[in-house]
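These protein sequences, in sequence, are chains E and D.
At position 81 of the first sequence (counting the first as 1) the number is 81 in this note's numbering, and the numbers step up by one without a gap.
At position 54 of the second sequence (counting the first as 1) the number is 168 in this note's numbering, and the numbers step up by one without a gap.
Backbone N, C-alpha and C define an ideal beta-carbon position, used for all residues, glycine too.
Written below as structure tokens is the structure these notes are about.
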Amino acid sequence: NAGVTQTPKFQVLKTGQSMTLQCAQDMNHNSMYWYRQDPGMGLRLIYYSASEGTTDKGEVPNGYNVSRLNKREFSLRLESAAPSQTSVYFCASSEPAGGAETQYFGPGTRLLVL
Amino acid sequence: QKEVEQDPGPLSVPEGAIVSLNCTYSNSAFQYFMWYRQYSRKGPELLMYTYSSGNKEDGRFTAQVDKSSKYISLFIRDSQPSDSATYLCAMSARGSYIPTFGRGTSLIVHP
């Protein structure tokens, strides 16, 4: 049981390049999320998927797209990377526990855009 | 003003001390209160969660919620250097898919 896995662990991009961050969970959770974490800003929600087949914008969706490929996988795509997208990206999944959205996070992807 | 306020610290304490970490919030609809621990260069991990008001204890950790004051706390007894991490509070309303996170408090426990 690996929990939430993310690939790659680290990536360097040049401005304008594109890339896809991959996330998979093996806990049979319905909901999945993408966050970015920047110093002093905390965790900010980019997109989430409440269930397979649905996606919704979070607090900071501009410059990103997502795909809920199946129940296990949720990918985040940067079409044209910008230096402002330099950050640590976390994927999370959740299953309501008595109503609470208790989330399980992956190890993160560190992205540097030059 | 953010919905959830959390002092970023750092909070530095000696080993064995009792640590108190706190968050305040403004949304009365929040009913579920979570605490996450995040070690450097790792993802957050869920420590514990509580529903509505009251206390919940898990080993050296105690979570406390005061809904009347919109104030939650995490107490760590007999703190250890291995407790050094950033602690994030999070809250959600019933039926919401999206928790609201605090910005985290950095805790340093020195030997």
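Contact set for residue i: own chain, Cβ-Cβ below 6 Å, skip 5 residues either direction
| i | result |
| --- | --- |
| Val66 of chain E | Tyr47, Thr55 and Leu76 |
| Phe74 of chain E | Cys23, Met32, Ser49 and Arg68 |
| Pro83 of chain E | Val113 |
| Leu93 of chain D | An answer regarding residue 93 of chain D cannot be provided, because it is not within the stretch 115 to 225 covered by chain D. |
| Lys181 of chain D | Ser167 |
Other residues of its chain near residue i: CB distance less than 7 Å, five sequence neighbours each side excluded
| i | result |
| --- | --- |
| Gly168 of chain D | Val179 |
| Leu161 of chain D | Trp149, Tyr150, Arg151 and Phe175 |
| Gln145 of chain D | Tyr165, Ser166, Ala207 and Arg208 |
| Glu117 of chain D | Tyr139, Ser140, Asn141 and Thr214 |
Which residues DSSP lists as bridging residue i, in chain order
| i | result |
| --- | --- |
| Lys170 of chain D | D:Ala177 |
| Leu135 of chain D | D:Leu188 |
| Arg151 of chain D | D:Glu159 and D:Tyr201 |
| Ser206 of chain D | D:Tyr146 |
Partner residues on chain D for residue i, Cβ-Cβ distance less than 9 Å
| i | result |
| --- | --- |
| Ser75 of chain E | Residues of chain D passing the Cβ test: none, with the nearest at roughly 17 Å. |
| Phe105 of chain E | Tyr150, Gln152, Lys156, Gly157, Pro158, Glu159 and Leu160 |
| Tyr48 of chain E | Tyr211 and Ile212 |
Cut-off 8 Å between Cβ atoms - residues of its own chain near residue i, not counting five sequence neighbours on either side
| i | result |
| --- | --- |
| Pro61 of chain E | Ile46 and Tyr47 |
| Thr86 of chain E | Leu111, Leu112 and Val113 |
Contact set between residue i and chain E, taken where Cβ atoms lie within less than 7 Å
| i | result |
| --- | --- |
| Ser174 of chain D | According to the sequence as given, residue 174 of chain D is Arg; it is not Ser. Ordered by position in chain E, no residue passes the 7 Å Cβ test against Arg174 of chain D, which lies about 20 Å from the chain. |
| Gly130 of chain D | Correct list: empty, because the minimum Cβ distance to chain E is about 30 Å. |
Interface partners of residue i on chain E, CB under 9 Å
| i | result |
| --- | --- |
| Arg191 of chain D | Residues of chain E passing the Cβ test: none, with the nearest at roughly 23 Å. |
Whole-angstrom C-beta distance between residue j and residue i, which should lie under 8 Å
| i | j | result |
| --- | --- | --- |
| Asp197 of chain D | Val223 of chain D | 5 Å |
| Phe105 of chain E | Gly157 of chain D | 4 Å |
| Leu78 of chain E | Gly63 of chain E | 7 Å |
Chain-ordered chain D contacts of residue i [CB-CB under 7 Å]
| i | result |
| --- | --- |
| Ser31 of chain E | Tyr211 |
| Leu111 of chain E | None at all; the shortest Cβ gap to chain D is about 14 Å. |
Cross-chain neighbours of residue i in chain D, by beta carbon under 8 Å
| i | result |
| --- | --- |
| Leu119 of chain E | The question about residue 119 of chain E has no answer here: the residues shown for chain E are numbered 1 through 114. |
Contacts of residue i in chain A (Cβ-Cβ under 7 Å)
| i | result |
| --- | --- |
| Leu45 of chain E | Although the question refers to chain A, the structure presented lacks it and instead comprises the protein chains E and D. |
>> Give the list of continuous beta strand (DSSP E) stretches no shorter than 3 residues that lie fully inside the stretch 13-94 of chain E.
In response: 19-25, 31-38, 42-49, 64-68, 74-78 and 87-94
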